[in-house]
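**Student:** Before we start, here is the structure in question, set down as structure tokens.
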Amino acid sequence: MNPKEAARRRWARLAWIYGLLLAFGVFFVGPFLMGFLASLKANPLEWPFTLSFAQVRPKNWAAAFRLGGMGAGDPWLGGMRPGREVTLEVAYFSREAAPPELAATIPRRKPGAGMGAVFESPYAADYVRLTGPTLVARQPARLGQEEGYVYRYRLRIAYPGKGPYLERVPLDLEAPRGALLVEATLDPTRFERRGRVASWDNVAPGLLGYVFHNYVRAFRETRSLETGQSLFLRWTLNSLFLSLVKVLTTLVFASMAGYALARLRFPGRQALFLFMLFSMMVPGQVTFISNYLVLKDGIFGLSRLFGVETLLNTYAGLILSGLVGAGAVFIMKQFFESIPREVEEAALIDGATPLQTLFRIILPMSTPALGALSILTFQGTWNEFFWPFVVLTSPREIYTLPLGLLSFRNAYGQVGDWGLILAGGFFSMVPVLILFAAFQRYFVEGVSVGAVKE
Amino acid sequence: MRLKARTLEALYALFLLLPFLFTLLVFFLYAFLRAAYFSFTDYDLFSPPRFVGVENYLRLFREPLFLTALKHTLAYSLVVTALQTLFALLLAIALNRPLKGITAFRTVYYLPSVISTAAASLLLLWLFQRTGLVNQGLSFLLAHLPHLLSLGLLFLAFQGAQVAWARRRGEGVAFFDPALALLSLPLALLATYALGLFGVIGAQEVRVEIPWLPTTATFLGIPYPLWAIILMNTYTTIPTFMVLFLAGLKGIPQSLYEAAALDGASPWVIFSRITVPLLRPVLFLVVTMGLIGTLQLFDQVLFVGGSGGAPLEATITLAYYVYGNVFPSGAAPRVGLASAAALFLAGLTLLVVLLQRRFGVSERGWAG
């Protein structure tokens, strides 16, 4: 084979490999991307699944931004405030020379299903006044093979007087048979009754309220029955708080225990290490029964000294029962053993105690391991499901995000509100994805370090 | 009085280990022993436990739900471990080359494995709805079966013609010569497109609406909802194990491959005689981790079940069986029975570990 031929073959093989890599990439990211796109749609289960829908069209972004500004002075989240006015233009195609009779209504539509249905929020229909649709223009036009006219209408929605802030102002526009909606300031959310009724969920949505409407709903519609605060926001903050606390306790206590196991001599060291390895292999389903009872009694009644009857449904219980995991200790022990002993010898000769050596000399050298441990712990706690599920049962305000997602799924799964469910799922991934994007090396390395942990 | 240095060091160790010992002793050792104790009693959380011997263990095997859970757990564990090990290994071998931009690809592949089981379960629920993306994808494939068939046949035809032509000119090319295949593929794509354009082949009307979740129907003895969980979890765990395999592959000396290439060894021989034997420690580790992780399947069962989801008897696993007996809805807790099931699960896990210790190589091999 001549060298030119061989080179050509090498290039071709490279091209195949990259093609394969790309195909794998589509396989691994595809479902996420599709799920994310679906979470923006009004109907995530539409058949056939389309990639071009109202929420991804820049024309609608601009309109939503403008309308949100008109309705509430808030181009991002939109809505309507007293004294404001929104105008909307629509264009219908009809073969008839006479303009089609349109009927516009502000429906009394309850926001959401499931948890959202519990709350009576003000109905826009009770506060706003609709003027129109008024015909503003008529032009001869062709639609496909058909000759006809395009009729332009203007709708004016005003909110006179005083009243509450309206999160959304829905609109239904019914056209007679033969009239076809060809253009609108803002594309309707959906068509009903065989396309005769164009329906808007919100005519003044704002940019975020339009593109990420399911996400905004996730925050707005899950509210506490007592306080009316957003539960979804609470769950997010709870998860954030717990994850940060757990990172902190793990960093301190795993370094301490890891150092003792790696460097100090004491009776039973080897036995302790083996026992620790054993503890990592026993499934959580074995220990949770007793741990549940221990927390219920406030750790042998110790919590009563602080006036707490039970540690169930408290973060104190959750934190105390998971101060430091064996896997974290294992990682730190392995890391400390990789540091040469000479580093500490000078300090020991100067008469430094093990504590001083650990905190003054060893830990400052251990930033890579501590960084990896922080990220793994954060991810682990953020994603943890089983144990918080056992400990935190009521009220719903104390749930962590994964538990919240389960109650989400149960509240909205029955009615099939998949946009909301997907939005919740994707929102919960955000912090971990940010961490992953910033420190992906640690994640990938953590797998090999934590290999024994699983 | 001065403490002896040894004693002092041990005291320091005790102090440093104190928080860890607290969690280890209270929330592991005590809990483990108590679960073992409960498993020999009829404890129900309310009345004091009464010793019943091995009755709970015997009773487990008379409980149809436990046997279902056991069957599901074993089937799930074996299928997922087999699939994820195979695909992770193949992917790692494909990725184990000094290519430009390979890190970016690895990062992208790793994405599915960083998310929570809760979020993954929600995605699963959406994907496997009756009009979900999985059924839509299957419908699309089936509808375009003529196109796929013609694409395959045309590719083979173009490739065959090119190879025959090259061989006539006296060039020794293999049938799947990459350079020629690179030309055959677009030709076949174009030709298929043209055939579709002229109406020789057309898409069929196919609408697959498999009810993946709300069903107890089985395929190969495994219920549909469990298959959905199997597919989803294989998909999210492949990257994790791929990374382990990659670390292992780095440890194999390149000279072995060069020697094999000089001897003219085929890719299969290289794979089965060099890669797999030298990867044995990692392979064992991956299989062990896979088995241990999958034996504890719980979260997905909870998410996939529930309102409008899969019936419990189609998805129940051992871990869920344990939980369900401690916190049953509308019945008395059967902690004794649950503890026995939990210990049985722990026994399975330890068995896997022991088998690895016995037949695998200790963890020295995998660190890479």
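Respectively, the protein sequence lines represent chains W and Y. Anchor point for the first sequence: position 10 equals 10 in the numbering used here, and the numbering is continuous, going up by one each time. Just so we're on the same page, the numbering used here is the position in the second sequence counted from 1, plus 1000. For glycine and all other residues, C-beta sits at the position ideal for the given N, C-alpha and C. Every value quoted in this text rests on a predicted model; they were computed, and no experiment measured them.
(1) To which residues of the same chain is W:W382 closer than 7 Å at the C-beta, ignoring the five residues directly before and after it?
(2) Show which residues of chain W have a CB atom less than 7 Å away from the CB atom of Y:I1210.
(3) Using the three-state DSSP reduction, which class does W:E167 fall into: helix, strand or coil?
(4) Taking a cut of 8 Å between CB atoms, which residues from the segment 1071 to 1089 of chain Y lie near chain W?
(5) Contact criterion: CB-CB distance below 8 Å. Does W:S303 meet it with respect to chain Y?
(6) Give me whichever residues DSSP pairs with Y:P1112 in a beta bridge.
(7) Mind pulling the chain W residues with CB within less than 8 Å of Y:Y1012?
(8) What are the residues in the segment 277 to 292 of chain W lying within 8 Å of chain Y by C-beta distance?
(9) Answer with buried or exposed for Y:S1362, where buried requires no fewer than 16 other C-beta atoms within 10 angstroms of its C-beta.
(10) Does the distance between the C-beta of Y:G1196 and the nearest non-hydrogen atom of the ligand FMN fall short of 7 Å?
(11) Can you give me the C-alpha to C-alpha distance between W:G450 and Y:L1078, rounded to a whole angstrom?
(12) Using DSSP with H/G/I as helix, E/B as strand and the rest coil, what is Y:F1051?
(13) Using a cut-off of 8 Å between C-beta atoms, extract the partners of W:I17 located in chain Y.
(14) Taking the alpha-carbon of Y:A1332 as reference, which of Y:F1027, Y:F1046 and Y:G1199 has the nearest alpha-carbon?
(15) Quick one: list the residues of chain Y neighbouring W:G25, beta-carbon separation under 8 Å, in chain order.
(16) Let me confirm a value: Y:A1118 is counted as buried when at least 16 other C-beta atoms fall within 10 Å, else exposed. Which label applies?
(17) At 3 residues or longer, what runs of the beta strand (DSSP E) sit wholly inside the segment 1112 to 1147 of chain Y?
(18) Go ahead and pull the three-state DSSP assignment for Y:G1039.
(19) Which residues share a DSSP beta bridge with W:D187?
(20) According to DSSP, is Y:F1245 helix, strand or coil?
(21) Between W:R84, W:L251 and W:G413, which has its C-alpha nearest W:P160's C-alpha?
(22) Check this for me: beta carbons of W:A328 and W:A423, under 8 Å apart or not?
(23) Run down chain Y in chain order and give the residues with a C-beta less than 7 Å from the C-beta of W:M70.
(24) At which residue ranges does the segment 1160 to 1204 of chain Y contain complete alpha helix (DSSP H) runs of 4 or more residues, listed in the order of the chain?
(25) Looking at the structure shown, is W:L231 part of a helix, part of a strand, or coil, going by DSSP?
(26) Thinking just about the alpha-carbon of each residue, which of W:F386, W:A316, W:F306 and W:V211 is nearest to the one in W:V286?
(27) Quick one: does Y:D1044 have its CB under 8 Å from some CB of chain W?
(28) List the residues that DSSP assigns as beta-bridge partners of Y:L1229.
(29) Would you kindly report the start and end of the unbroken beta strand (DSSP E) that includes W:T129?
(30) I'd like to check one pair, W:L435 with W:F378: are the Cβ atoms closer than 8 Å?
(31) Using a beta-carbon distance below 8 Å, is Y:W1126 in contact with chain A?
(32) Please report the Cβ distance between Y:I1292 and Y:L1124, rounded to the nearest whole angstrom; I am assuming they are in contact, meaning their Cβ atoms lie under 8 Å.
(33) Just curious, the beta strand (DSSP E) that Y:E1258 is in, first and last residue?
(34) If I follow the unbroken beta strand (DSSP E) through W:E89, where does it start and stop?
(35) Could you say which of W:L420, W:R441, W:L312 and W:V282 lies nearest to W:L465 if we only look at CA atoms?
(36) So, helix, strand or coil for W:E454, using DSSP?
**Tutor:** To lay it out plainly:
(1) S239, S243, P431 and V432
(2) Result: empty, since nearest Cβ-Cβ is about 14 Å, beyond 7 Å.
(3) coil
(4) Listed by position along the chain: nothing, the set is empty.
(5) No - not a single Cβ of chain Y is within 8 Å of the one on W:S303.
(6) DSSP, once it has assigned bridges, lists no residue as partnering Y:P1112.
(7) A260, L264, T353, P354 and L355
(8) When CB distances to chain Y are screened at a threshold of 8 Å, the residues of the segment 277 to 292 of chain W falling below it are S279, M281, V282, P283, G284, Q285, V286, T287, F288, I289, S290, N291 and Y292, in chain order.
(9) With a pLDDT of only 48 at Y:S1362, under the threshold of 50, the placement of this residue in the model should not be trusted; the figure read from the coordinates follows. Flag for Y:S1362 reads exposed.
(10) In the structure on display, the ligand FMN does not appear, and there are no ligands present to speak of.
(11) In this prediction, W:G450 scores a pLDDT of 46, lower than 50, which makes its location untrustworthy; no coordinate-derived value is stated.
(12) strand
(13) A1094, R1097 and L1099
(14) Y:F1046
(15) F1105, V1108 and Y1109
(16) buried
(17) Listed in chain order, there is nothing to give.
(18) Looking at the sequence provided, one finds Ser at residue 1039 of chain Y rather than Gly. Reduced to three states, the DSSP call for Y:S1039 is coil.
(19) Note: W:D187 sits in no beta bridge, so no partner.
(20) helix
(21) When C-alpha distances from W:P160 are compared across W:R84, W:L251 and W:G413, the shortest belongs to W:R84.
(22) no
(23) Ordered by position in chain Y, no residue passes the 7 Å Cβ test against W:M70, which lies about 35 Å from the chain.
(24) Taking only runs of at least 4 residues, the alpha helix (DSSP H) segments lying wholly in the segment 1160 to 1204 of chain Y are 1178 to 1197.
(25) helix
(26) It is W:F386 whose Cα lies nearest to the Cα of W:V286.
(27) no
(28) A small correction: the amino acid at residue 1229 of chain Y is Ile; Leu does not occupy that position in the sequence shown. Beta-bridge pairing links Y:I1229 to no other residue.
(29) It should be noted that the sequence gives Arg, not Thr, for residue 129 of chain W. From DSSP, the beta strand (DSSP E) with W:R129 extends over R129 to L143.
(30) yes
(31) Chain labels in this structure do not include chain A; the protein chains are W and Y.
(32) Actually they are not in contact, since the Cβ atoms of Y:I1292 and Y:L1124 sit about 22 Å apart, beyond 8 Å.
(33) Not the beta strand (DSSP E): Y:E1258 falls in the alpha helix (DSSP H), residues Q1254 to L1262.
(34) R84 to S94
(35) Absent from the structure is residue 465 of chain W, since the part of chain W shown begins at 1 and ends at 454.
(36) Confidence at W:E454 is low in this model, with a pLDDT of 32, below 50, so its placement is unreliable and the value that follows should be read with caution. Reduced to three states, the DSSP call for W:E454 is coil.
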